[in-house]
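Numbering (full-length UniProt numbering), first residue to last: 1 to 271.
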Amino acid sequence: MYLIQKGSNEKKKVKKLSFSRRFRYYGRLHGMGMSSIGILLHEVIKLMYHARVKEPVFFRIGTSGGVGLEGGTVVISEEAVDGMLQPFMEIPLHQSLFQPVLGKIMQRPSKLDKRLVRDLKSLADPNDPYDIVTGKTMCAIDFYEGQGRIDGAFCEFSESDKMEYLQNICAHGVKNIEMESLAFAALTHHAGIKAAVVCVTIVNRLLGDQIHAPKEVLDEWQLRPQKLISRYIKHYLSMKGRFLLDGQGGSMCVKSPRRFKLVQQESENYD
């Protein structure tokens with residue numbers, strides 16, 4: 001994974017930061033849709049609590065459909081909204097798909113950290129051969145009808161209906177469409193966790209529904225959010241004065257060298 005491969009200076013041998021006992025990078029695949037990521041977030045948030053983690057930062061990275069943006073554009077979400085442009089997660093989102101909480105509809109604001117958005121945007125490199133933009137992200141409840149696609153198993157609206165809808169959300173500041181940001185933003189905000197959503201677009205939905213880019217291109221596009229997050233991690237650690245520099249770290253950041261050696265050997269046995 002790019003974030004692991006680029007954990008240190010690109011021109012030097014990568015160090016295993018997991019042995020430093022300072023910071024831990026923890027990445028998980030969350031599956032598809034709000035129900036799936038909701039389960040994961042409940043478990044990870046509990047894990048953070050029991051591990052007594054202080055000030056964690058959560059990132060969701062992935063792919064999305066661009067709204068007026070060409071493929072390969074990186075979008076940093078300023079706000080997550082639903083298909084009606086409402087900035088909160090509502091449970092149930094749809095009576096036929098979701099169960100209410102104890103028979104009642106519950107709303108949670110889907111807020112993302114504004115400062116984190118600004119910090120990420122400031123790390124855009126002028127030499128990057130692609131744009132990094134900020135804006136609203138629309139979170140759909142499914143891949144086809146919920147995103148205004150007409151190429152599903154069935155469709156009860158026309159091409160003109162679809163275009164009118166997409167142009168409307170574009171006019172309201174929506175930059176991309178995916179399926180997890182609403183739950184991600186709502187649950188992290190509810191838990192008081194700083195969080196951001198960074199996705200790359202793989203199709204411009206104003207031009208069509210199908211994804212035509214070849215696999216090699218899609219693979220490179222998907223690295224772009226990871227590159228931005230890796231820049232943030234390096235910048236954050238360097239600003240805190242805790243970035244592992246050559247010739248430093250080692251025993252100075254380990255309370256017990258003997259215990260450190262045992263942990264290191266045990267970890268290497270799993271590699």
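In this text, a Cβ means the ideal position worked out from N, Cα and C, and glycines have one as well.
Verify the CB distance criterion: does residue i have a CB-CB separation below 9 Å to chain B?
i      : result
Thr-73 : You won't find chain B in this structure, because it holds only one protein chain.
Less than 9 Å between the beta carbons of residue i and residue j, yes or no?
i       : j       : result
Thr-188 : Leu-112 : yes
Asn-168 : Cys-199 : no
Met-32  : Ile-141 : no
Glu-79  : Gln-107 : no
Val-57  : Ala-183 : no
Ile-45  : Ile-193 : yes
Met-179 : Phe-143 : yes
Ile-37  : Arg-60  : yes
For residue i, which residues from the same chain have a beta carbon less than 6 Å from its beta carbon, with the 5 sequence-adjacent residues on both sides left out?
i       : result
Leu-41  : Leu-187
Ser-122 : none
Gln-147 : Ala-140 and Ile-177
Met-48  : Pro-56
Ala-124 : Ile-132
Ala-213 : Gly-71
Cys-170 : Val-67 and Gly-68
Val-173 : Sequence check: residue 173 is Gly here, not Val. The answer, listed in chain order, is Gly-135 and Lys-136.
His-50  : none
Pro-87  : Glu-79, Val-81 and Ser-110
Among all the DSSP beta bridges, which residues are the ones paired with residue i?
i       : result
Phe-184 : DSSP output for Phe-184 lists no bridge partner at all.
Glu-55  : In DSSP, Glu-55 forms no bridge with anything.
Asn-204 : Gly-66
Ile-177 : Gly-65 and Met-138
Ordered along the chain, which non-local residues of its own chain (more than five positions away) have a Cβ less than 7 Å from that of residue i?
i       : result
His-190 : Arg-108
Ile-211 : Ile-202 and Val-203
Leu-120 : Ile-76, Ala-196, Val-198, Leu-228 and Tyr-232
Tyr-165 : Gly-148
Tyr-130 : Gly-72, Thr-73, Val-74 and Arg-224
So, does the stretch 201-212 touch the stretch 64-75, judging by three or more C-beta pairs under 8 Å?
yes
Should the stretch 155-167 be regarded as contacting the stretch 113-125, the criterion being three or more beta carbon pairs within less than 8 Å?
no
Contact between the stretch 79-88 and the stretch 131-140 (3+ Cβ pairs under 8 Å):
yes
Whole alpha helix (DSSP H) elements within the stretch 64-149, 4-residue minimum:
114-122
Do three or more CB pairs link the stretch 69-77 to the stretch 219-226 at distances below 8 Å?
yes
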